[in-house]
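So for the sequence shown, this note's numbering puts the first residue at 1310; every next one is plus one.
One structure is given below, encoded as structure tokens.
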Amino acid sequence: MEMAPSKTLIDFFQGPPLKRLRVSPSSSSPAQIVAKSLSTVPDGDGTSSSDLTPAQKSRIELNKLLAKSRRNLKICSDKISRSKAEGEGYVNLEELLVEETWLEALPGELQKPYAKNLCKFLQVETSCAAGNVKGPVIYPPQHLIFNALNSTPFDRVKAVILGQDPYHGPGQAMGLAFSVPEGIKLPSSLANIFKELKQDLGCSIPSHGNLERWSAQGVLLLNAVLTVRSHQANSHAKKGWEQFTDAVIKTISHEKKGVVFLLWGNSAQEKRRLIDETKHHILKAAHPSGLSANRGFFGCRHFSRTNQILEKMGLDPIDWQL
């Protein structure tokens, strides 16, 4: 029997000739096929990014920003916990501002002489509150002092709402102007803000007063003074905070463009001098407190007007509904 000739290596790897595939004129090119496959790669939850609605994408982005804000707060809380464990009980102010974009925007601000004096003052006040010496309780808790800046990165600021100083009742102050934690009764000013929102945009009155969703969307909720003694309004005024928050406002005015400033009441409107009105937008109204809301706050429509300004600049409007 005649043996078949042995195959060489070339014969082994060289298979039968391939048939040429016919490509119809409507077929996608290889590059298009790859691009299409990449565009439909599912997200972590198995949903294709191309399948998401604009509202879903906005919600995902908001949740990411809220998560970053809470990470910043945890960093501050951990620093205070370590300090207490080491017997200190107080953390320097400069260690509590942890949002990198603000550290870059305000280089060395908390090392200036006025800030060091403010830090010494707060250290004495906080030591009293800790029980070393009989003294007042200080609000907000230390890890929330810079909550406004730690929750709203400098590069995302689109609007600024200015307050005066923190709420001075137990559990109210959370470092965001006008905001209170969930479970705390709404102060009259915040209740009136929600009434105006309902009248202006049809927003339903929320069951809580936590405004962190506004912060995450780029609304800086900044008080002029960032700490206060319990039941003593304005007790930490003229201790250095005004110089710091003025620096924040001036930095926004100088470095950014198109920010909407909502100035409610005389105290906030005094800050107008710090804002370049050729670059930014200023909305003025009476303060929303129970004493003055009927004298020009109700009916100001600042929330819809803010969104109109932002949209005119091509920016996403604020979702004010909580």
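Glycine included, C-beta positions come from ideal geometry on N, C-alpha and C.
Quick caveat: nothing in here was measured; it's all calculated off a predicted structure.
Point to revise | Under the three-state DSSP convention, the category Ala1468 falls into | key: DSSP, read as helix, strand or coil, puts Ala1468 in strand.
Review point. Around the Cβ of Lys1507, are there at least 16 other Cβ atoms within 10 angstroms (buried) or fewer (exposed)?
Key: Burial call: exposed.
Check your understanding: Would you report the Cα separation of Ala1594 and Lys1393, rounded to the nearest angstrom?
Key -> Just so you know, the alpha carbons of Ala1594 and Lys1393 end up roughly 43 Å apart.
Exercise for review: Over the uninterrupted beta strand (DSSP E) stretch that includes Asn1532, give me the two end residues.
Suggested key: Note, Asn1532: beta strand (DSSP E), Val1528 to Asn1532.
Exercise for review: List the residues that DSSP assigns as beta-bridge partners of Lys1393.
Suggested key: Beta-bridge pairing links Lys1393 to no other residue.
Check your understanding: According to the Cβ coordinates, are Ser1498 and Ser1598 closer than 8 Å?
Key -> The Cβ-Cβ distance between Ser1498 and Ser1598 falls below 8 Å.
Check your understanding: Between Gly1623 and Ile1470, what straight-line distance do the alpha-carbon atoms span, to the nearest angstrom?
Key -> If you draw a straight line from the Cα of Gly1623 to the Cα of Ile1470, it comes to about 21 Å.
Check your understanding: Do you know offhand how far Val1528's Cα is from Leu1571's?
Key -> Those two C-alpha atoms are separated by around 10 Å.
**Study point:** Alpha-carbon to alpha-carbon, Thr1461 and Ser1378
**Key:** Their Cα atoms are separated by approximately 8 Å.
Review point. How is the beta strand (DSSP E) around Ala1594 delimited, first residue to last?
Key: In the DSSP assignment, Ala1594 falls within the beta strand (DSSP E) that extends over His1590 to Ala1594.
Check your understanding: Which runs of the beta strand (DSSP E) fall wholly inside the region 1553-1629 and span at least 3 residues, in chain order?
Key -> With a minimum length of 3 residues, the unbroken runs of beta strand (DSSP E) contained wholly in the region 1553-1629 fall at 1569-1573 and 1590-1594.
Check your understanding: Are the Cβ atoms of Glu1403 and Ala1556 separated by less than 8 Å?
Key -> The Cβ atoms of Glu1403 and Ala1556 do not sit closer than 8 Å to each other.
Exercise for review: Just the C-alpha distance for Asn1456 and Gly1484, rounded to the nearest angstrom, thanks.
Suggested key: Rounded to whole angstroms, Asn1456 to Gly1484 spans 5 Å at the Cα level.
Exercise for review: Decide if Lys1580 is buried, meaning its Cβ has at least 16 other Cβ atoms within 10 Å, or exposed.
Suggested key: Lys1580 should be labelled buried.
Practice item. Look at Val1400 and Lys1383 and say whether their C-beta atoms are less than 8 Å apart. Key: Contact flag unset, no.
Practice item. List the endpoints of the continuous alpha helix (DSSP H) containing Asn1459. Key: Per DSSP, Asn1459 belongs to the alpha helix (DSSP H) from Asn1456 to Ser1460.
Exercise for review: Give the secondary structure of Gln1541 by DSSP, where H, G and I count as helix, E and B as strand, and everything else as coil.
Suggested key: In the three-state DSSP reduction, Gln1541 falls in the strand class (E or B).
Review point. Where do the ends of the alpha helix (DSSP H) carrying Ser1498 lie?
Key: Ser1497 to Leu1510 is the span of the alpha helix (DSSP H), which, as asked, contains Ser1498.
Review point. Got a sec? Which residues, its chain only, sit under 6 Å from His1590 by beta carbon, not counting five neighbours each side?
Key: Closer than 6 Å at Cβ, skipping near neighbours: Val1569 and Ile1618.
Review point. Ala1364: buried (16+ other C-beta within 10 angstroms of its C-beta) or exposed?
Key: Looking at its Cβ environment, which holds fewer than 16 other Cβ atoms inside 10 Å, Ala1364 is exposed.
Point to revise | From Leu1431, Gly1396 and Ser1436, residue whose alpha carbon lies closest to that of Leu1535 | key: Minimum Cα distance to Leu1535 is reached at Leu1431.
Point to revise | Beta-carbon separation (whole angstroms), His1477 vs Ser1386, contact threshold 8 Å | key: About 22 Å separates the Cβ atoms of His1477 and Ser1386, ruling out a contact at the 8 Å cut-off.
Practice item. Grab me the residues of Arg1614's own chain with a C-beta within less than 7 Å of its C-beta, minus the 5 sequence neighbours each way, in chain order. Key: For Arg1614, same chain residues with a beta-carbon under 7 Å away, outside a window of 5 residues either side, are Leu1592 in chain order.
Check your understanding: How many angstroms separate the CA atom of Ala1376 from the CA atom of Lys1504?
Key -> It is roughly 29 Å from the alpha-carbon of Ala1376 to the alpha-carbon of Lys1504.
Review point. Can we count Tyr1448 as close to the ligand ADP, meaning its CB is less than 7 Å from some heavy atom?
Key: This structure lacks the ligand ADP, and indeed carries no ligand of any kind.
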